[in-house]
Every structure is written in structure tokens, then in C-alpha cells.
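Heads up, the thing below is written out as C-alpha cells.
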Amino acid sequence: MPQIDSLPPLREVISQHGLDARKSLGQNFLLDLNLTSRIARTAGALEDHTILEVGPGPGGLTRALLAAGAGHVVAIEKDSRCLPALAQIAAHYPGRLTVIEGDALKLDPVALIGKTPVKIVANLPYNVGTQLLLNWLTPADWPPFWTSVTLLFQKEVGERIVAQPGSKAYGRLGVLAGWRCTGGMMFDIGPQAFIPPPKVTSTVVQLTPRDAPLPCDLSALAKITAAAFGQRRKMLRASLKTLGVSSEPLIEAAGLDPTARAEEIDIAGFVRLANAFASR
Ligand code: SAM
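Here the sequence shown is numbered in UniProt numbering, starting from 1 and rising by one per residue.
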């Protein structure tokens, strides 16, 4: 195992602070320093950004980010048991780690960090990871407060985020992410790298905001994709009826085939549908 700092090994930190993993907090700790360092490297230059990390836990990824040169890491952790271990890291890297105890779903990152450039890097708790990503993808103003997200997800979720039309994984998450961002899956991490090992493979997803996504009303896009993928086996002319409007004029205005199914419609098609819906 490589050494990246002179802090105690993560296994020791976990046993010293009694950090037995809790399922309710989505805790699967990543202990492999090669992998935490690889995630930090994947995020690119770290010096001139504030790094927002959600769920530092015992601090494996946090340490990799700091050792890789992150100027300032702001880490939000819900589990107060982790705070003493994180305080040790903060003391080792004076002025470079701010730990906030709280629920990342409820905190406003811009209020916490201010207007510096931000990269989000995290091994997200699987139970709230998708919701956190949705929050970061759907601010009213775009571009968002972050310049990239580099996130560890269950692979099945990663596949949905980067899914292309025509694939089984293509759905609401893929449309939203692809509309506003470019990106992809960077590398997989097998279950054995974690404590406890999850049942499934994980994957690192990286997204970068598009400067100018196709103009579209966000709430209309959310409604259209919810209706279309809510009944993904049905033809659009049937699935869009759940919106409570006549579906055929919308589909015609968007230049789409009423007998097509949701997974055949590309992002530009959904944007046209959403715009037709918003301006009806
Ligand atoms: N970053 C550590 C690592 O890679 O080993 C831990 C990752 S573990 C998958 C997820 C972490 O998120 C846990 O430390 C958990 O306590 C924390 N967490 C869970 N829900 C949270 C929430 N709503 N807000 C902030 N942290 C949360």
C-alpha cells in the first residue's frame, strides 16, 4: 500500500473511532489509497478550486484530495462519529479542510462556499446520491456553481447518467444530465475495495457543465420526461396523455413520430417537446 501522508492508516482510524459502517447512512468506506488517489487525479487540477466533498466519512478520499494538492476542501458529513477523525486531517493540513456537520440534501453549498470556483468530488452515499446529483443538475441558473463533478456511484446509476437514446438505461436522469452536461464513466471499482463490500460494482462518473445547453424550460422538461419514461413501453401519443393535455399537437410541434417510444427520443427531441408543452 502506498503512503500518501503520515496520518494513521484508514483501518486504524476506523477502529480507533469505532466507525462501524451504517447502512442507513449509505456507508461503504473506500480504503484503497491507489483508488482514492486515482479519483483525486481524475478530478484534474485541484489547487485553484474549492473542492466540495459530500460524505468524507473516515476521510480516505479527503486525504487523497489534500495530498494531491487541493487548495481547500469543504466536506459535509452527516455522521458525527466521523468528526474526530476528520479533525485530525484538518490539523495535518492547516487551513485547507473545513468540515461541516450536516445533511448535504439540506445545505446550500453556495452559501457555505461563496463564489469561488468549485469542483465536486465524492464517494456518495448510495441512498441519496441520485438526489444530490439531481439537485446539482437543476439549479434555476446555468452554468451552475461547480465546474465539474467527479462522483462514485453504483455502476447501474452511472450507466443511467451517461445513457444514450436506444439503450435500456436511457431515462429521465440521462436526459437531464445530457441536456446540461457532457461527461462519461471514467473507471469501475469492484466491491472488494470497500468496507463493507457493496453487492455491486461502482463507477466513477465525471460531468462538466455545457456552457450553453439547448434553451429549455426545466420544469416542462421534468414533466415531459416523467410522463414519457413513466410508461416507457407505451407510444408517446399514449404516455404523454398523463400530462392532462392533448398529446398529438405537442408531438407534431416537436417534429416527432407519435408512435415512437420514450427511449427512441434523443435529448434535442425532448427539449422540443418540453418547449412545445411550455408554450401551449
Ligand atoms: N468518502 C468516504 C469514503 O470514500 O470512504 C465515505 C463514503 S460513504 C459511501 C458515504 C458517506 O456519506 C458516509 O460517511 C455517510 O455518513 C455520509 N452521508 C450519508 N448521508 C449523508 C448526507 N445526507 N449528507 C452528508 N453526508 C452523508
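Don't be surprised by glycine CBs; every beta carbon is placed ideally from N, CA and C.
From a predicted model like this one, the values you see are computed outputs, not experimental measurements.
Residue burial classification, PHE153 (beta-carbon count within 10 angstroms, cutoff 16) | buried
Assign GLU47 to buried or exposed, taking buried as 16 or more other Cβ atoms, counted over all protein chains shown, within 10 Å of its Cβ.
-> exposed
According to the Cβ coordinates, are residue 288 and SER37 closer than 8 Å?
-> Residue 288 cannot be examined here, being either before or after the span of the chain that is shown, 1 to 280.
For the ligand SAM, is there a heavy atom less than 7 Å away from the beta-carbon of ASP79?
-> yes
Tell me, which residues are paired with PHE29 by DSSP?
-> ILE195
Start-to-end residues for the beta strand (DSSP E) that takes in residue 282 | Residue 282 lies beyond the stretch modelled for the chain, which goes from 1 to 280, so this question has no answer here.
Taking 8 Å as the threshold, find out whether the region 197-211 comes into contact with the region 233-244 through three or more Cβ pairs.
-> no
Tell me whether ARG261 sits in a helix, a strand or coil according to DSSP, three-state version.
-> strand
Give a yes or no on whether the C-beta atoms belonging to ALA40 and ILE195 are separated by under 8 Å.
-> no
Per DSSP, which one or two residues make a beta bridge with ASP188?
-> THR203
Measure the Cβ-Cβ separation of ALA85 and GLY59 and say whether it is below 8 Å.
-> yes
Is the CB-CB distance between ALA228 and ALA262 below 8 Å?
-> yes
Does DSSP put PRO209 in a helix, a strand or coil?
-> strand
Measure the alpha-carbon distance for PRO258 versus VAL99 and round it to whole angstroms.
-> 52 Å
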